[in-house]
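**Q** In this note's numbering, the protein residues as written are 808 to 1085.
Note that beta-carbon positions come from the ideal geometry of N, C-alpha and C, so glycine has one too.
First, the structure itself, so that you have it in front of you.
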C-alpha cells in the first residue's frame, strides 16, 4: 500500500490545523452526545467550585509569556461560565488569585490586578450576565489591591446584587486557612462585645457560629470541585466548605480545558453516590 504524500510546504502548525479541521465534526458529535446524556440524567451539582490552574505552564508550553497565559485563562473562565449556564448550575465559585499568588513577580501581579479590573468591566457590559440574572460576588481579602481594581470589582457586585439566576463567586486574594482564622477572630470579637468569658465561648462554640463569618456565609457548600492542570490537591481552596465535596482532577491546563472535559467531569459526578460520611 502506498503512503499518502504530505507536501513539504506544510509545517507543523499547518498540519495541526488540518488535523483539527478534519476531526472537528467528530468532536462536535461526541460533545453533543455527551451533553445530551448529562442533561437526560438530570442529577447535577448545585454548586461547582473550580480551581483554575495552569495558565503559566500553558503559556510556557506554547512559547508565550505569562501575561498572555493569564489572558487566555480569563477568556476560558467566561467560556466555562456559559457552559454552567447551559446546565442551569445555580452556584459557581472560581478561584482566580490566592494569598500565595501575591508573592509572585511584581510585573505578573500588576498584570493580574489590571486583568481583574478589565474583566469586571467587560462582564458588567455582557448582556448574558443581565439576561441570566447572574449575581457576582468577590470572596477573599482584596484590601491590598489597587484602588481602580477594587472599584471595578465593587461596581460589578453592586450592579448584580439583586440578581438570583446564578450566583458566581470569584475568589481573589483567597486562602482557606486565612478565611477560617479570620472567621474565628470575628467570632471572638463578637463574644467579647457580649462580655462572654473564655470558658463561656469555649462551651458555646459550634460550627454554625464559625460559618456565619466565612466569606461564603449564606452560600451552599460546593457539591463538586474541579481542578485543572493535573495537580491533585486543594491548595487551600474552600477548606471548610469542601468537607463532603466530590473532587475531579483534569490533566488539561486551564486555558486548554474543553467543553468535552467539563462534560466528562459532570458525568463523573453523576456516577457517584454521595454519602456525606455516613
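Just how far apart, CA to CA, sit residue 952 and residue 917?
**A** Using only the alpha carbons, I get a separation of about 9 Å.
**Q** To which residues of the same chain is residue 1032 closer than 8 Å at the C-beta, ignoring the five residues directly before and after it?
**A** Here the set comprises 855, 856, 857, 858, 1041, 1044, 1045, 1049, 1052, 1053, 1054 and 1055.
**Q** Tell me which same chain residues have a C-beta within less than 7 Å of the C-beta of residue 931, skipping the five on either side of it?
**A** Excluding residues within five positions, the ones whose Cβ falls inside 7 Å are 962, 963 and 966.
**Q** How should residue 923 be labelled, buried or exposed, when 16 other C-beta atoms within 10 angstroms of its C-beta is the threshold for buried?
**A** Buried.
**Q** Could you name each continuous beta strand (DSSP E) segment of 3 residues or more that falls completely within the segment 941–971, going from the start of the chain to the end?
**A** Entirely contained in the segment 941–971, the beta strand (DSSP E) runs reaching 3 residues are, in chain order, 941–946.
**Q** I need the straight-line Cα distance from residue 875 to residue 848, nearest angstrom please.
**A** For residue 875 and residue 848, the distance between alpha carbons rounds to 38 Å.
**Q** For residue 919 and residue 941, which I take to be in contact (beta-carbon distance under 8 Å), what is that distance rounded to the nearest angstrom?
**A** Actually they are not in contact, since the Cβ atoms of residue 919 and residue 941 sit about 22 Å apart, beyond 8 Å.
**Q** Report the three-state DSSP secondary structure of residue 1053 (helix, strand or coil).
**A** In this structure, residue 1053 counts as strand in the three-state DSSP scheme.
**Q** Pull up the distance between the alpha-carbon of residue 842 and that of residue 851, whole angstroms please.
**A** So the alpha carbons of these two residues sit roughly 12 Å apart.
**Q** Answer with buried or exposed for residue 988, where buried requires no fewer than 16 other C-beta atoms within 10 angstroms of its C-beta.
**A** Exposed, because fewer than 16 other Cβ atoms sit within 10 Å of the Cβ of residue 988.
**Q** Return yes when the Cβ of residue 866 is within less than 8 Å of the Cβ of residue 873, no when it is not.
**A** Result yes, Cβ atoms of residue 873 and residue 866 sit closer than 8 Å.
**Q** Can you pull the DSSP bridge partners for residue 900?
**A** BP columns for residue 900 point to 856 and 976.
**Q** Could you spell out the range, first to last residue, of the alpha helix (DSSP H) harbouring residue 984?
**A** 983–1000 is the extent of the alpha helix (DSSP H) around residue 984.
**Q** In or out: residue 869 buried (at least 16 other Cβ within 10 Å) or exposed?
**A** Residue 869 comes out exposed.
**Q** Would you kindly report the start and end of the unbroken beta strand (DSSP E) that includes residue 1033?
**A** Where residue 1033 is concerned, the enclosing beta strand (DSSP E) stretches over 1031–1034.
**Q** Decide if the segment 968–984 is in contact with the segment 1001–1009; the criterion is three or more beta carbon pairs, one per stretch, under 8 Å apart.
**A** Result no; under three Cβ-Cβ pairs closer than 8 Å.
**Q** To the nearest whole angstrom, what separates the beta carbons of residue 902 and residue 981, a pair I think is in contact under 8 Å?
**A** With 8 Å as the limit, residue 902 and residue 981 qualify as a contact, their Cβ atoms being about 6 Å apart.
**Q** Around the C-beta of residue 862, are 16 or more other C-beta atoms found within 10 angstroms, so that it is buried, or is it exposed?
**A** Buried.
**Q** Is the beta carbon of residue 864 sitting closer than 8 Å to the one on residue 1060?
**A** Closer than 8 Å, so yes.
**Q** Please state whether the Cβ-Cβ distance between residue 860 and residue 986 is less than 8 Å.
**A** No, the pair does not count as a contact, with Cβ atoms beyond the cut-off.
**Q** Can you give the Cα-Cα distance for residue 1013 and residue 899, rounded to whole angstroms?
**A** Answer to the nearest angstrom: the Cα atoms are 27 Å apart.
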